[in-house]
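Quick notes on the structure that follows.
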Amino acid sequence: MYLLFILLFPLLIGSALLIFKPKNAFAISLAASIIELAATAFVLQEASLSPVSFSAPWVAEAGLSFSLYVDGISGVLIGLCALLVPFIVATTANTDRANNSQFQGLMLAMQTALMGAFLAKDAFLFYFFFEASLLPIYFLAAIYGGENKNAITFKFFVYTLFGSLFFLIALVYVYLLTPGEFHSADIEVLYQTAKGLSADQQGYLFAAFFLAFAIKMPVFPFHTWQPDTYTVAPAQGTMLLSGIMLKMGTYGVIRLVLPMFPLGVATWGLTASILSVIGVIYGSIIAIQQKDAKRLLAYSSFAHVGLMSAGILSGSIEGIQGALYQMLSHGINIIGLFFVIEIIERRTKSREIAQLGGITQFSYPLTVTFVILSLGSVALPLTNGFIGEFLLLKSVFDQNLTLGIIAGITIILGAVYTLRLIQKSMFGNVSRVTADFADLTFAEKAVLIPLSALVILGGIFPSTVLGFSEPAVQQLIQWFK
Amino acid sequence: MSLLFLIPLLPLLGFAINGLAYPKLPKQIAGIIGTIPPLVAFALSLQLFLNFDGQAQILPIADWIKVGSLEIPFAFQIDQLSILMLLVITGVGTLIHVYSIGYMSHDAGFGKFFAFLNLFVFFMLILVLGANFTVLFIGWEGVGLCSYLLIGFWNQKNSYGDAARKAFIMNRIGDLGFLVGIFLLIQDFGTTDYQTIFTAIKSGDYTTDLSIIAFCLFIGAMGKSAQIPLFTWLPDAMAGPTPVSALIHAATMVTAGIYMVIRANALFELSPEVLHFVGWIGLATALLGAAIGLFQNDIKKVLAYSTVSQLGYMFMGLGASAYTASFFHVMTHAFFKALLFLGAGSVIHAMSDEQDIRRMGGLKSKMPITFITFMLGTIAIAGIPPFAGFFSKDEILASLYHHDPIMWGLAIVGSALTSFYMFRVFILTFYGEFRGTEKQAHHLHESPITMTLPLIILAVFSVGGGLINLPHFAGGNEFLANWLAPLLPEAGEAGEVNFLSLEGGAPLLAAFLPAFLAIYVFGMQKSVPSEDAEISGIQKVIYHKFYIDELYDMLFVKPIAFLSNFFFQVIDFLVIDLFVEGLGRFVKYASSEFRRAQTGNVGIYLFCMVAAIVVILFVSLKSTILP
């Protein structure tokens, strides 16, 4: 029942905000997201002892059930989602947005969709939430976005929908093979069923599944919707997309693709890994010369997720554990970094790197938190990013030496574009737009300081999370072997 | 032993206090809070040193990364090597903190500076205390971060920021090699623990080619210790405040590569071709650095190239398996190079931030303590007996003599260059007429006690530091060699040196003759290096550091910038996205074509419907009636 609560509570409050349009929507939304976090923490506490599940009939005639499940793997993801949403909501403090209740309502509705995808144990339920999440984020971006928002969000919407179509067809195919009069879409039944398929069949199914997730993450060359969408969406939309939503893709590969189609991975995994690693280097190189800070971070996110994808596809315990840890770290770091850019844009009305400079003279706290978040992003030891990247790079390296070394170049290129962004914005001379830059407000500090603390804590105490997810990952690997 | 954890923890605490309280904390308090941690850490290290029973100890601190069968704990290793490094880091570190109280007293970022210095000491201590390669890597990258923060300390100046980024990125290139080395170690040994790995290596219990691992680790050392081809960041790093140059870019951080090779000597000993490579890279770097140092006119740049060159000597020693000699030189170099940098800082401080030796001269009488200590440092680095640099460099040279006479000969040449450029700087700075501005002349003064005291102490060590490994012929007992012996292979060190032979005489000549030459040219002839515009020919090429920066710019920086724009504007926008959009347009086009079928004529709709029903019925009946 707790699972039902953490699934539906944000939607409930979100709908109320959408319908009643209260004045203090921000406070309600923030309170709701904190309650959600507390409830999720409670669930995770339970789940650390043994998996927690909830099941109710859904479409019994088709063997579909409304079953939710928290184990070590989904636990990390719902933890990520519940942890980040309060911060994302808090970044809207003191912003006088027209129709704020609608904005807050959409964010909370989004949270339910994201939680649903991570909680689902029935593959169709996963599909349902996977698609449902498109609606709130579409409206967030299309209503509140920047220049050229309609064309860009439309492309994003259609592109991801297009990918999911193949996923759906392939899913139905496996589902129809499941035993019993009514069939079943329970993921473990699907694992069992798919195991019996030939390598060829698994290969096709792998391609269909992976395409959907590759678009969502995105993996090279299915990424061209991403930089535009991240750039045009309102900051909070971008945070939801990059911090949480893209993890539906990586999660999908861990939860469905690896255990269902081990032979497919054996055949096509390396190809997919190579594409992922191309994305790592390609995205990093593009980020080096970006003029728009937000677009730079978009490409950086693209590069980071490519490494997660390659690590997962290695199928090793280090790869999957590293990816899970990196999903968490990347979520924390990227929303912090997008918020820094948002803060700069609020004050200077500019995101153009060349126009900035000297901000540290006005805001020491902003510089310090920005540097810490960036260090997490470039995977310096004793930051959260190091743990994930270390394990991911090791897994790719163990799988294929050359690919591992190429992927490793990301630690150099990442430093190149990140340090450039820091120097051009924070250091150097004060520019026309950064003159009289106002120091951080309390609300801004309340977001950036805890996030920065998490960057460091995550680098020192990774075993809390790694230990939590390890048993479930070990179990998952059994399906793969 | 139980207080051991305080050694790295105190500087971390100092960092936290000064970092969080900046800029509210008054300077005096910030300076004290910054200086106490390395001082207490030094006292604790000294106690550790005095009570050490010769037995290496592993101190597990906590779990860190634990996935599957891979376990990487936070653990410290206390042994002969780490204890000596602790003493050097905290000892020289303390002196430089004290010095900084005076040197940075006018700087608005005073508290921040001490915070960064403390953070550096913390990471440097982690580097040498770690009991496995991954913990070493924490310190390794951490000191790189501090180096970045301190080079770019005066962050308003863009060129300083560029130098800081360059240092970080070049180090990261090396770090990638190091990381690959770690992965290879894990593949073969399942761990990164020193003891497990070295025990396995010594008992022949390994499967991969060790030389690949050694080579990867050495790539890391090339970055951190500024060896060819990754050395160009170090001269630029002089953008940082001078105490930083002394502590990080001379005495401690840049010697981390040598520390690492000595630590992993079991691995390198079984990779002779890599050791060979290490030696030649060291030699090439030593000569290149010394050559460029000949014509530099920025006092700090001369010292920077000198550091690059001296680090080359240490690697040469390693290449000849003379681990003790290299480590001996690490220690003496820490003393005299820190002294020289701090002396240079004292001069720069007095000269109102002037760094060009062509604008100096005659400072001898104005700042006597700086003058005398700088002189002692110069004599020490030139390799003139019985100063510290003589003994340590001579040991490296002696081992080279037996290892490879060609290397030895070239190393003697480098040694001669060193002596010349150091006396050149010394004479041009302190003797002759004052060549600066009226205003500078008026402002000239000896530095305060906080700055001169560290100079005096370091000068004492620069003079007498040779005692720690004084050879038998000079009445010593080779303390250092005996102390380090349990960690090192048995062969490799050179025996007694006869000063009347070529082996013993050449280094002496290489030290004295160039010194006299420099004294003659710059002291007696009173010649002053020409202005930038007048430099020409080969001298210009050397003055511009052989245009290596420009070469790298052409080979790496520009192509990557080009690729970045090409990927972004051409591949992303014109190739991939055009295809995606094209697919969308095709659907749109197809829909507009299919739309024509929807004529609105009910008759045609009905006809299609009936036709479809017939087909469906036929198909389904066929499958039921005719199985």
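Read top to bottom, the protein sequences are chains B and S.
Sequential numbering of the first sequence, starting at 1, is according to my numbering.
Sequential numbering of the second sequence, starting at 482, is according to my numbering.
Every residue gets a Cβ at the ideal spot worked out from N, C-alpha and C, and that includes glycine.
Residue-level contact to chain S via CB, residue i, 9 angstroms cutoff
{"i": "Ser-431 (chain B)", "result": "no"}
{"i": "Asp-398 (chain B)", "result": "yes"}
{"i": "Arg-351 (chain B)", "result": "no"}
{"i": "Tyr-159 (chain B)", "result": "yes"}
{"i": "Phe-390 (chain B)", "result": "yes"}
Short CB-CB distance (under 9 angstroms) between residue i and chain B
{"i": "Tyr-687 (chain S)", "result": "no"}
{"i": "Glu-1074 (chain S)", "result": "no"}
{"i": "Ala-1042 (chain S)", "result": "yes"}
{"i": "Phe-1049 (chain S)", "result": "yes"}
{"i": "Asn-599 (chain S)", "result": "no"}
{"i": "Glu-1062 (chain S)", "result": "yes"}
{"i": "Asn-1046 (chain S)", "result": "yes"}
{"i": "Arg-646 (chain S)", "result": "yes"}
{"i": "Lys-547 (chain S)", "result": "yes"}
{"i": "Arg-1066 (chain S)", "result": "no"}
{"i": "Glu-622 (chain S)", "result": "yes"}
Neighbouring residues, chain C, relative to residue i (Cβ below 7 angstroms)
{"i": "Thr-360 (chain B)", "result": "Of the chains in the structure shown, none is chain C; the protein chains are B and S."}
Whole-angstrom distance between residue j and residue i, CA atom to CA atom
{"i": "Ile-498 (chain S)", "j": "Val-783 (chain S)", "result": "36 angstroms"}
{"i": "Ile-1041 (chain S)", "j": "His-183 (chain B)", "result": "54 angstroms"}
{"i": "Gly-583 (chain S)", "j": "Tyr-629 (chain S)", "result": "23 angstroms"}
{"i": "Gly-760 (chain S)", "j": "Thr-571 (chain S)", "result": "29 angstroms"}
{"i": "Ile-6 (chain B)", "j": "Leu-240 (chain B)", "result": "18 angstroms"}
{"i": "Leu-660 (chain S)", "j": "Ile-619 (chain S)", "result": "11 angstroms"}
{"i": "Gly-388 (chain B)", "j": "Phe-699 (chain S)", "result": "25 angstroms"}
{"i": "Pro-541 (chain S)", "j": "Phe-557 (chain S)", "result": "6 angstroms"}
{"i": "Ser-363 (chain B)", "j": "Leu-440 (chain B)", "result": "7 angstroms"}
{"i": "Phe-911 (chain S)", "j": "Ile-577 (chain S)", "result": "23 angstroms"}
{"i": "Phe-496 (chain S)", "j": "Leu-728 (chain S)", "result": "16 angstroms"}
{"i": "Leu-17 (chain B)", "j": "Ala-109 (chain B)", "result": "10 angstroms"}
{"i": "Ala-801 (chain S)", "j": "Thr-851 (chain S)", "result": "37 angstroms"}
{"i": "Trp-889 (chain S)", "j": "Ala-537 (chain S)", "result": "35 angstroms"}
{"i": "Leu-393 (chain B)", "j": "Thr-672 (chain S)", "result": "16 angstroms"}
{"i": "Glu-919 (chain S)", "j": "Arg-840 (chain S)", "result": "11 angstroms"}
{"i": "Val-465 (chain B)", "j": "Met-1090 (chain S)", "result": "60 angstroms"}
{"i": "Met-741 (chain S)", "j": "Tyr-804 (chain S)", "result": "11 angstroms"}
{"i": "Ile-285 (chain B)", "j": "Asn-1046 (chain S)", "result": "9 angstroms"}
{"i": "Gln-102 (chain B)", "j": "Thr-1080 (chain S)", "result": "42 angstroms"}
Per-residue DSSP class, three states only, for residue i
{"i": "Val-755 (chain S)", "result": "helix"}
{"i": "Trp-635 (chain S)", "result": "coil"}
{"i": "Glu-181 (chain B)", "result": "coil"}
{"i": "Glu-750 (chain S)", "result": "helix"}
{"i": "Val-59 (chain B)", "result": "strand"}
{"i": "Leu-64 (chain B)", "result": "strand"}
{"i": "Asp-489 (chain B)", "result": "Outside the displayed span of chain B (1 to 481) sits residue 489 (chain B), for which this structure offers no information."}
{"i": "Asp-1034 (chain S)", "result": "helix"}
{"i": "Val-548 (chain S)", "result": "strand"}
{"i": "Gln-192 (chain B)", "result": "helix"}
In DSSP terms, what residue i is bridged to
{"i": "Asn-613 (chain S)", "result": "S:Asp-674"}
{"i": "Tyr-69 (chain B)", "result": "B:Ser-53"}
{"i": "Ala-543 (chain S)", "result": "S:Phe-555"}
{"i": "Ala-120 (chain B)", "result": "B:Leu-68"}
{"i": "Asp-837 (chain S)", "result": "S:Asp-779"}
{"i": "Gln-538 (chain S)", "result": "S:Ile-559"}
Residue i and residue j closer than 9 angstroms at C-beta
{"i": "Gly-763 (chain S)", "j": "Gln-708 (chain S)", "result": "yes"}
{"i": "Lys-441 (chain S)", "j": "Asn-746 (chain S)", "result": "Lying before the first or after the last residue shown, residue 441 (chain S) is absent from chain S, which here runs from 482 to 1108."}
{"i": "Ser-827 (chain S)", "j": "Leu-936 (chain S)", "result": "yes"}
{"i": "Ser-787 (chain S)", "j": "Ala-771 (chain S)", "result": "yes"}
{"i": "Pro-10 (chain B)", "j": "Glu-46 (chain B)", "result": "no"}
{"i": "Gly-145 (chain B)", "j": "Ala-233 (chain B)", "result": "yes"}
{"i": "Ile-694 (chain S)", "j": "Leu-657 (chain S)", "result": "no"}
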